[in-house]
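K.L.:
My structure is below; once you've seen it, I'll send some questions.
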Amino acid sequence: APTAHVKDEL
Amino acid sequence: MNLFRLFGDMSHLASILILVHKIQTTRSCRGISFKTQALYVTVFVSRYLDLFYDWVSLYNFFMKVFFISSSCYILYLMKMKFRPTNDPSIDTFRIEYLLGPCAILALIFHYKFTVTEVLWSFSIFLESVAILPQLFMLQRTGEAETITTHYLAALGAYRAFYIPNWIYRYWTEDIVDPIAVTSGIVQTALYLDFFYVYFTKVLQGQKFELPA
């Protein structure tokens, strides 16, 4: 799976 | 948004409300580590700088504002309003041993080498260990008020709920945030010892006491 900075988490 | 993350966020919200309620009703911050609370302010301020330039959602916005303001409010309660009840002599964890390594880790592991992204990484690493001064204090005194243990349980449950959320997002959205996931697992693991005593003692109606 691609890695990413998940910006919608707190 | 999925239910795991919603439960996690609600648990986080509840933990802060429990803590404020404990301090207000007992008019005392006895048993609460000021260092841990100060680390949380550092975590929230360095992570939520994106409030100023990234819009996610109304929910996201209000939660961020709440976490920054409530954590600052708790520092005010501890250092001003109920200052005499705060005993720094038992809050002896050396936080420079947390801040330094987290800063170095953030310089090594980040998604982009920009000020805000490195600060974001720093906040994720720091959050995972920010509870250590509090747990250290608990270990030293060997006991805690029941309300304080409810606060810690809710706070520990918060990142624990995020773990199934990440698994769910991996399956449904095919994305992984390795920095958040590894730190989140570490953060949850730090609570295992506490959870053991919480489930076997506090939830059975006994006082939180560590074996001598």
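Each protein sequence line maps, in turn, to chains A and B. Take our numbering: the final residue in the first sequence is number 10, and no numbers are missing along the way. Take our numbering: the final residue in the second sequence is number 212, and no numbers are missing along the way. Here a beta-carbon is modelled for each residue, glycine too, at the ideal position from N, C-alpha and C.
Could you name the residues of the same chain whose beta carbon sits closer than 8 Å to that of residue 28 of chain B, not counting the 5 residues immediately before and after it, in chain order?
P.N.:
As a working note, residue 28 of chain B is residue 28 in the second sequence. Cβ neighbours of residue 28 of chain B beyond the five flanking positions: 82 and 85.
K.L.:
Below 8 Å on the Cβ atoms is my contact criterion, and I expect residue 202 of chain B with residue 210 of chain B to pass it. Report the Cβ-Cβ distance as a whole number of Å.
P.N.:
Along the second sequence, read from residue 1 onward, the residue named residue 202 of chain B stands at position 202. Along the second sequence, read from residue 1 onward, the residue named residue 210 of chain B stands at position 210. Rounded, the Cβ-Cβ distance is 12 Å, inconsistent with contact.
K.L.:
Does any CB atom of chain A fall closer than 9 Å to the CB of residue 16 of chain B?
P.N.:
Walking along the second sequence from the start, residue 16 of chain B turns up at place 16. It does not: the Cβ of residue 16 of chain B has no partner Cβ on chain A nearer than 9 Å.
K.L.:
Rounded to whole angstroms, how far is the Cβ of residue 214 of chain B from the Cβ of residue 125 of chain B, which I believe are closer than 8 Å?
P.N.:
Nothing in the structure corresponds to residue 214 of chain B, since chain B is present only between 1 and 212.
K.L.:
If I follow the unbroken alpha helix (DSSP H) through residue 159 of chain B, where does it start and stop?
P.N.:
Translated into the one-based positions of the second sequence, residue 159 of chain B becomes position 159. First-last of the alpha helix (DSSP H) with residue 159 of chain B: 146 to 173.
K.L.:
Under a three-way DSSP split, which group does residue 113 of chain B fall into?
P.N.:
Sequence index remark: in the second sequence, residue 113 of chain B carries index 113 (1-based). Of the three classes helix, strand and coil, the one that applies to residue 113 of chain B here is coil, per DSSP.
K.L.:
What is the rounded straight-line gap between the Cα of residue 151 of chain B and the Cα of residue 104 of chain B?
P.N.:
Position 151 of the second sequence, counting from 1, holds the residue named residue 151 of chain B. Position 104 of the second sequence, counting from 1, holds the residue named residue 104 of chain B. Answer to the nearest angstrom: the Cα atoms are 30 Å apart.
K.L.:
Between the segment 149 to 165 of chain B and the segment 66 to 75 of chain B, can you find at least three pairs of beta-carbon atoms closer than 8 Å?
P.N.:
Result no; under three Cβ-Cβ pairs closer than 8 Å.
K.L.:
Please check the pair residue 98 of chain B and residue 49 of chain B, which I expect to be a contact at CB under 8 Å, by giving their CB distance rounded to whole angstroms.
P.N.:
Here residue 98 of chain B refers to the residue found at position 98 of the second sequence. Here residue 49 of chain B refers to the residue found at position 49 of the second sequence. With 8 Å as the limit, residue 98 of chain B and residue 49 of chain B do not qualify as a contact, their Cβ atoms being about 20 Å apart.
K.L.:
For residue 181 of chain B and residue 166 of chain B, which I take to be in contact (beta-carbon distance under 8 Å), what is that distance rounded to the nearest angstrom?
P.N.:
Mapped onto the second sequence, residue 181 of chain B falls at position 181. Mapped onto the second sequence, residue 166 of chain B falls at position 166. Going by Cβ atoms, the distance from residue 181 of chain B to residue 166 of chain B rounds to 5 Å, so yes, they are a contact pair.
K.L.:
What separation, rounded to the nearest whole angstrom, lies between the Cα atoms of residue 1 of chain B and residue 9 of chain A?
P.N.:
Taking the first residue of the second sequence as position 1, residue 1 of chain B is located at position 1. Taking the first residue of the first sequence as position 1, residue 9 of chain A is located at position 9. Taking the straight line from one Cα to the other gives about 9 Å.
K.L.:
Is the beta carbon of residue 12 of chain B sitting closer than 9 Å to the one on residue 154 of chain B?
P.N.:
Position 12 of the second sequence, counted from the first residue, corresponds to residue 12 of chain B. Position 154 of the second sequence, counted from the first residue, corresponds to residue 154 of chain B. Yes; because the gap between Cβ atoms is below 9 Å, this pair is in contact.
K.L.:
In the DSSP assignment, what are the bridge partners of residue 176 of chain B?
P.N.:
The residue given as residue 176 of chain B occupies position 176 in the second sequence. The partner list for residue 176 of chain B (beta bridge, DSSP) reads A/3.
K.L.:
Let me make sure I understand the geometry here. Which of B/18, B/111, B/205 and B/39 has the alpha-carbon closest to that of residue 3 of chain A?
P.N.:
To locate residue 3 of chain A, count along the first sequence from 1; it is residue 3. Cα-wise, what sits closest to residue 3 of chain A is B/111.
K.L.:
If I follow the unbroken alpha helix (DSSP H) through residue 60 of chain B, where does it start and stop?
P.N.:
Counting from one through the second sequence, the residue named residue 60 of chain B turns up at place 60. Unbroken alpha helix (DSSP H) run through residue 60 of chain B: 58 to 76.
K.L.:
Where does the unbroken alpha helix (DSSP H) through residue 100 of chain B begin, and where does it stop?
P.N.:
Residue numbering aside, residue 100 of chain B sits at position 100 when the second sequence is read from its first letter. 96 to 108 is the extent of the alpha helix (DSSP H) around residue 100 of chain B.
K.L.:
With a 10 Å radius around its C-beta and 16 neighbouring C-beta atoms as the bar for buried, classify residue 113 of chain B as buried or exposed.
P.N.:
As a first step, residue 113 of chain B must be located in the second sequence, where it is residue number 113. Its Cβ having fewer than 16 others within 10 Å, residue 113 of chain B is exposed.
K.L.:
Under 8 Å: do the segment 28 to 46 of chain B and the segment 169 to 183 of chain B share three or more Cβ pairs, one atom per stretch?
P.N.:
No, the segment 28 to 46 of chain B is not in contact with the segment 169 to 183 of chain B.
K.L.:
How many angstroms separate the CA atom of residue 6 of chain B from the CA atom of residue 143 of chain B?
P.N.:
By 1-based counting over the second sequence, the position of residue 6 of chain B is 6. By 1-based counting over the second sequence, the position of residue 143 of chain B is 143. Distance between the alpha carbons of residue 6 of chain B and residue 143 of chain B is about 31 Å.
K.L.:
9 Å is my cut-off, CB to CB: does residue 128 of chain B come that close to chain A?
P.N.:
Residue 128 of chain B sits at position 128 when you count from the first residue of the second sequence. Not closer than 9 Å to any Cβ of chain A, the Cβ of residue 128 of chain B fails to qualify, so no.
K.L.:
Do residue 38 of chain B and residue 95 of chain B count as a contact pair if the criterion is CB distance below 9 Å?
P.N.:
As a working mapping, residue 95 of chain B is identified with position 95 in the second sequence. As a working mapping, residue 38 of chain B is identified with position 38 in the second sequence. Yes, Cβ-Cβ distance for residue 95 of chain B and residue 38 of chain B is below 9 Å.
K.L.:
Please check if any C-beta of chain A sits within less than 9 Å of the C-beta of residue 160 of chain B.
P.N.:
Within the second sequence, numbered from 1, the residue matching residue 160 of chain B stands at position 160. Closer than 9 Å: no.
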